[in-house]
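Comments concern the structure below.
Structure follows, in structure tokens:
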């Protein structure tokens with residue numbers, strides 16, 4: 001690519017991925033390189049600084065972009081959602097899915113018994129996994145602030161391992177699952193030490 005992304009503020013990793021991919025496609029065909037900023041699915045737009053030998057320009061509006069000539073000259077462009085979809089639809093469709101996160105809550109002092117609201121989350125997660133190509137999964141266990149650090153470190157790891165074992169039963173190879181334990185260090189709901197809280201007894205599963 002002739003244009004280089006040196007720095008920038010990006011709304012999300014998905015925005016950056018789409019932004020780089022469109023530039024790569026243009027760079028692999030004919031000059032100039034074309035870089036277009038896409039919004040997130042929720043409509044949010046970040047900003048990226050495009051730098052070349054002849055200068056730099058910030059893109060911060062949806063479907064705005066730049067053309068970067070072989071000599072480094074940067075020229076601002078503006079496209080519409082329809083134009084981008086027509087021109088780059090095949091590339092956009094080939095992008096990997098956006099990461100999704102699921103939180104499962106556990107009963108007090110348990111690494112295997114889910115709270116009543118969690119089975120519905122499990123079903124949603126199973127539906128996502130069934131259509132996810134080669135998922136990489138990160139599983140992080142947490143506890144509330146009742147009990148010692150040592151006890152909660154062990155309990156949070158047991159929760160993570162329990163969730164990982166479930167994922168393996170769903171057909172996810174163990175090598176594609178990373179587990180970690182945070183104990184009571186990262187409560188979802190801050191409480192005084194020693195105070196139990198149902199929202200803090202959880203496992204967070206990120207599929208990417």
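In full-length UniProt numbering, the protein residues as written are 1 to 208.
Quick reminder that beta carbons are idealized off the backbone N, C-alpha and C, glycines included.
Given 8 Å as the limit, is there contact between the stretch 42-55 and the stretch 65-82, that is, 3 or more CB pairs closer than that?
-> Yes: the two stretches touch, three or more of their Cβ pairs being nearer than 8 Å.
### Task
Check residue 139 in the structure and name its three-state DSSP category.
Residue 139 falls in the strand class under three-state DSSP.
task: Name the two residues that bound the continuous beta strand (DSSP E) containing residue 34.
output: 33-36
Determine the DSSP secondary structure at residue 89, reduced to helix, strand or coil. helix
**Report entry** Beta-ladder partner(s) of residue 57, from DSSP
**Finding:** 50
Checklist line | Residues that residue 76 bridges to, as DSSP identifies them | finding: 66
Residue 69 to residue 32 span [Cα, whole Å] = 4 Å
| From residue 163 to residue 79, what does the alpha carbon distance come to, in whole angstroms? | 45 Å
TODO: Kindly give me the distance between the Cβ atoms of residue 213 and residue 102, rounded to whole angstroms, as I take these residues to be in contact under 8 Å.
DONE: Within the shown structure, residues of the chain are numbered from 1 to 208, placing residue 213 beyond reach of any answer.
Margin query: Pop quiz: residue 181 and residue 160 are said to be a contact at Cβ under 8 Å. What is the actual Cβ separation, rounded to whole angstroms?
Written below: 6 Å
Fill in: The beta strand (DSSP E) enclosing residue 180, as first and last residue numbers
177-181
Would the stretch 128-137 count as touching the stretch 167-183 if we require 3 or more Cβ pairs under 8 Å? yes
Q) When you compare each of 43, 86, 110 to residue 151 by their alpha carbons, which one comes out closest? A) 110
Review point. Taking just the CA atoms, how far does residue 97 sit from residue 48?
Key: 22 Å
Please name the residue, chosen from 129, 145, 128, 67, that lies closest to residue 198 on a Cα-to-Cα basis. The candidate whose alpha carbon is nearest that of residue 198 is 145.
For this session: Assign residue 179 to one of two classes, buried (16 or more other C-beta atoms within 10 Å of its C-beta) or exposed (fewer than that).
Result: buried
Apart from the five residues on each side of it in sequence, which residues of its chain come closer than 6 Å, Cβ to Cβ, to residue 43? none
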